[in-house]
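Residue numbers for the sequence shown follow the working numbering, beginning at 27 and rising by one.
Glycine included, every Cβ here is placed at the ideal spot set by N, Cα and C.
Have a look at the structure below, then the notes.
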Amino acid sequence: MKHLSPITPKTSHDLAFKPTQRYGSHKKIRLRIKSDSIEELKSFVPDWLSTNRDFISCYKKMKHQVDINLADVCQKLHNNRNNDEKKALINWIKDKHFFANMNKDVIKKVCNKLSCSSYKPGDISKIYVVINEKDEPNCMFIIYQGIAGIYKYNQRINQGDEGDPLGENALENDIRRTATVIAESNMILFKLKRSDYEDIILTVKKNEKKFQTAFIKTISVFNSWNDVKIMMLSHAIIVSNFSKGEIIYEPNDFSHSFYIIKEGTIQLQTEIKILEENKWPISPREWNVRKVTKKIYHPVKTLGPKDYFGHVELLDKTFRQTRALATTQCILFIINRSSFEELLNPRDQEMLKNDSEIPSKEEIEVMIKKSKSDILEKEKIIMNAMIENKRGGQNKKFDKWMKFVKERIVTQKNTMKKTIVQHKLENIKLTREGI
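So this is what it looks like as structure tokens:
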């Protein structure tokens, strides 16, 4: 699931739960099938390899390719699917994170029960809704094609992409739908009925919840909680995956969730605006001056497994103050605002408040000065190297340029001493006095 800046959805949605007859353009799975001849390989494959039994077996399976449309496969009853179609569907499903810890028999049973539905985005006056908040759950979906917007508190809080599950949390915890899911492009979804989910998957997911509960108990802020409270928190968790480089949230985004890191690393970054002045001579008595405001994201904290983030803004009831960036492949436990406020008592909230994500303005100032000082130090090393390589000291233009560089370095160092950091709720800005 990928981050996008929140937008306000329409206040009313028309529920469109009818599959369309045509699916438009479909993605296709490539399935390898057998062939009996390897004669064409003998001209460039050595004899010892072309006569190897394992190599021949693999080659026969890879010789020809057949296009299989999984949407069409899921339209058929299980008994009407051929072996190649069943195999293609199983191979697609088993690679998805939701099914990662399930054995082959469970995946096979799931594939036998899958059906297909499609949804289309509406125009300004009509939006197609895949799942409606507060409805009783009767199924879950797996996205085969398209993009789904996930909405809560009238904000777009997340996005569903290919392979992502939809609606599984309500089935797993036997609760009403906790969010609205809207088709934002032409979508094809694989559907698993509630009765099939309970028969096939629920036992597996209950075992996962046990491991999840054990993991939560190892986190310092929760290790004093009793088993009942831990179990309630575990039921409120939504597991989500983020790829390296994905943004979980941006500064000024709506604060809707609390995050616990199961795997991977997250970097919290502060948005900083720096006003810089560039000055260079254009004549013996005239200088050209250009002032530039730069916006950068400066890292303030790196978090790993068992760390948590997102709580500061929830407790202060403000918008996001930092950017959260996945620096590796990550698995996050996400708890929405309502569950967070319901489960954490004042004492728990006070413990979290003491663990602030945002450094003080003095700490930010030190970090920025160090970063800039490192750049100046590199310039100084280069300048000294150039002096050593200069021939005889007779190049007047070079001497004049070196003098200018030295003066600029001194000026920048003096400027850094006048740096002031201002901390605001919406962002952190860096300004300079005396420039």
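W306 sits exposed, since fewer than 16 C-beta atoms from the chains shown fall within 10 Å of its C-beta. The three-state reading of DSSP puts T229 in helix, counting H, G and I together. Proximity to A205 across N212, M258, E159 and I242 peaks at E159, based on C-alpha coordinates. Counting only runs of 4+ residues, the alpha helix (DSSP H) found wholly inside the stretch 306 to 367 occupies 337 to 342, in chain order.
With a threshold of 16 other beta carbon atoms within 10 Å, I407 falls short and is exposed. I119 counts as buried, since at least 16 other C-beta atoms from the protein chains shown sit within 10 angstroms of its C-beta. For L140, the three-state secondary structure derived from DSSP is coil. Burial state of S143 is buried, judged by a 10 Å Cβ sphere holding 16 or more other Cβ atoms. For R182, the enclosing beta strand (DSSP E) has its first and last residue at Q181 to G186. The C-alpha of R349 lies about 55 Å from the C-alpha of R79. By the C-beta criterion, the stretch 186 to 199 is judged not to be in contact with the stretch 280 to 299, since fewer than 3 inter-stretch pairs fall below 8 Å. When only Cα atoms are considered, I322 and F268 end up about 23 Å apart. With at least 16 other beta carbons inside 10 angstroms of its own, V99 counts as buried.
G336 is positioned such that its CB atom lies no closer than 8 Å to that of I287. Between the stretch 357 to 368 and the stretch 253 to 266 there are three or more inter-stretch CB-CB distances shorter than 8 Å, so the stretches are counted as touching.
DSSP, read as helix, strand or coil, puts M377 in helix. Excluding five sequence positions before and after V136, the CB atoms of its chain that fall closer than 6 Å to its own CB belong to I226, given in chain order. Contact check for A240 against M213 fails: the beta carbons are separated by 8 Å or more. When the Cα atoms are used, S365 and I169 turn out to be separated by approximately 26 Å.
Secondary structure at I435: helix, using DSSP grouped into helix, strand and coil. For L218, no alpha helix (DSSP H) run applies; the uninterrupted beta strand (DSSP E) run containing it begins and ends at M213 to K219, by DSSP. Checking the DSSP bridge columns, you'll see E302 partnered with V318. For V254, the secondary structure class from DSSP, reduced to helix, strand or coil, is helix. Judged by beta-carbon spacing, S281 lies within the 8 Å limit of L340, meaning their Cβ atoms are closer than that value.
Collapsing the DSSP output to three states places K236 in a helix.
Between the C-alpha atoms of V156 and K217 there is a straight-line separation of about 11 Å.
Just measuring C-alpha positions, the residue of D187, D161, C165 and R182 sitting nearest G172 is D187. DSSP places L192 in the strand class (E or B) of the three-state scheme. The residues P191, in chain order, have a CB closer than 6 Å to that of F124 in the same chain once the five nearest residues on each side in sequence are set aside.
In this structure, the straight-line span from the alpha carbon of N233 to that of I264 is close to 15 Å. For I157, the uninterrupted beta strand (DSSP E) run begins and ends at Y154 to I157, by DSSP. Taking 8 Å as the cut-off, the Cβ atoms of G290 and T244 do not count as close. Going by DSSP, N117 is part of the alpha helix (DSSP H) stretching over N109 to K120.
Taking C-beta atoms as the reference points, A209 and K270 fail to come closer than 8 Å. According to the DSSP assignment, S283 belongs to the beta strand (DSSP E) that extends over S283 to E289.
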